[in-house]
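Worksheet: the structure to be examined is printed underneath.
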Amino acid sequence: DKIIFEVSNLKKYYQVRKKSFIRGKEYVKSVDGVSFSIKENTILGLVGESGCGKSTIGKTVLGLTPPTGGKVKFGDNVIFDVENNIKISNSEMTKLRSEMQIIFQDPYASLDPRKSVGQIVSEGIKKHKIVPKGNIEEKTKEMLELCGLDATSMFRYPHEFSGGQRQRIGIARALAMNPKFIVCDEPTAALDVSIQSQILNLMLDLKDKFGLTYLFISHNFSVVKSFCDEIAVMYLGQIVEKGSAYEVYDNPKHPYTKALISSVPIQHPDEVKERITLEGSMPSAVDLPSGCRFHTRCPYKTERCINESPTWKILDNKTGVACHIY
Ligand code: SF4
Ligand code: MG
6 DKIIFEVSNL KKYYQVRKKS FIRGKEYVKS VDGVSFSIKE NTILGLVGES
56 GCGKSTIGKT VLGLTPPTGG KVKFGDNVIF DVENNIKISN SEMTKLRSEM
106 QIIFQDPYAS LDPRKSVGQI VSEGIKKHKI VPKGNIEEKT KEMLELCGLD
156 ATSMFRYPHE FSGGQRQRIG IARALAMNPK FIVCDEPTAA LDVSIQSQIL
206 NLMLDLKDKF GLTYLFISHN FSVVKSFCDE IAVMYLGQIV EKGSAYEVYD
256 NPKHPYTKAL ISSVPIQHPD EVKERITLEG SMPSAVDLPS GCRFHTRCPY
306 KTERCINESP TWKILDNKTG VACHIY
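Right, dumping it as structure tokens:
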């Protein structure tokens, strides 16, 4: 099982006015020491409440926003290694850009309404010279058809399509680049439930057909557990639990994971699980709680949790967890 994407101790801090001070500067710690790796042709789900930093991770690992710290490797290429002052050259990045794509949440906002679907899907094909000039139209049609759209869609405009169809256009645009790795940032969150599963099934088909690897960002635990091979649970800029989707969902360890799963409707009456209701809302990433960042909402907190941040432990079932209970 080859690791295709590797993130070590990733940090992304944004400067703010007067709140938290780091080396004399003021930051919001949106992503604060996140590590994970993804095996080729698998899906890692990054799950957490909105504002936990998951979208920021997606943008930072693709080099769309500069990192504050840490290292990202894609295949054998180091995209950046902040502590060792390494950053991939612009020309190298342009080459890799086509192999690392992103699909956005909002299929309405991410497609230019003034461009035809054909223009939208073929733009990257032209820019990155994916196929010879004479084959661009053929490649565009092929991508649309692979994504379940009629080839004649290329002559129409985004507003003529439904939300689900627009997301298919967004996927066709990403697929046209012959990517190896795709960051999917809540790709179905804006869609009706019935349409959601159609899009997820399409993404699974494409993954198998082209050997794709996904980083799948979502706030929806029930989507993540059925779609992903592995799950990483995020809270306030950090991963608090990570393991196989099966273990994390059926045998959650971290109190926050248990709370997120408690909010998923029970699908089978035999499915008896410890239920935890989350108290309060997520604190601001500008004013982080001391010790364990979850202590302000955790029903199991002790004195130690307030003073000491838990270290990462790997349990017998290979799940990793950051909590003093373990
Ligand atoms: Fe709760 Fe303490 Fe574990 Fe944090 S370390 S999740 S506060 S028990
Ligand atoms: Mg988001």
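Residue numbers for the sequence shown, in the UniProt record's numbering: 6 to 331. Ideal Cβ positions, reconstructed from N, Cα and C, are used throughout, including at glycine.
Shorter than 7 Å, the distance from the beta carbon of PRO288 to the closest heavy atom of the ligand SF4, or not? no
Looking at THR145 and GLY129, is the spacing between their C-beta atoms short of 8 Å? no
Taking GLU165 as the reference, which of ARG119, GLY53 and ARG309 has the closest Cα? Measuring from the Cα of GLU165, the nearest candidate turns out to be ARG119.
So, helix, strand or coil for CYS189, using DSSP? strand
Beta-carbon contacts of LYS131 that lie in its chain and below 7 Å, excluding the five residues immediately before and after: ILE141.
Between the CA atoms of SER249 and MET182 - distance to the nearest angstrom: 29 Å
Contacts around GLY175, its chain only, beta-carbon distance under 8 Å, and the 5 residues preceding and following it disregarded: ILE108, PHE109, PRO112, SER115, LEU116 and PRO192
beta-carbon HIS259 near the ligand SF4 non-hydrogen atom, thresh 7 Å: yes
Answer yes or no: do GLY325 and LYS263 have a C-beta to C-beta separation smaller than 8 Å? no
Three-state secondary structure assigned by DSSP to ALA264: helix
Cβ of ILE135 within 8 Å of Cβ of SER103? yes
Of the listed residues LYS17, ASN46 and PHE41, nearest to LYS7 (C-alpha basis): ASN46
In the DSSP assignment, find the unbroken alpha helix (DSSP H) run with ASP210 in it and report its ends. Residues 198-215.
Any non-hydrogen atom of the ligand SF4 closer than 7 Å to CYS328 Cβ: Taking the Cβ of CYS328 as the reference point, at least one heavy atom of the ligand SF4 falls within a distance shorter than 7 Å.
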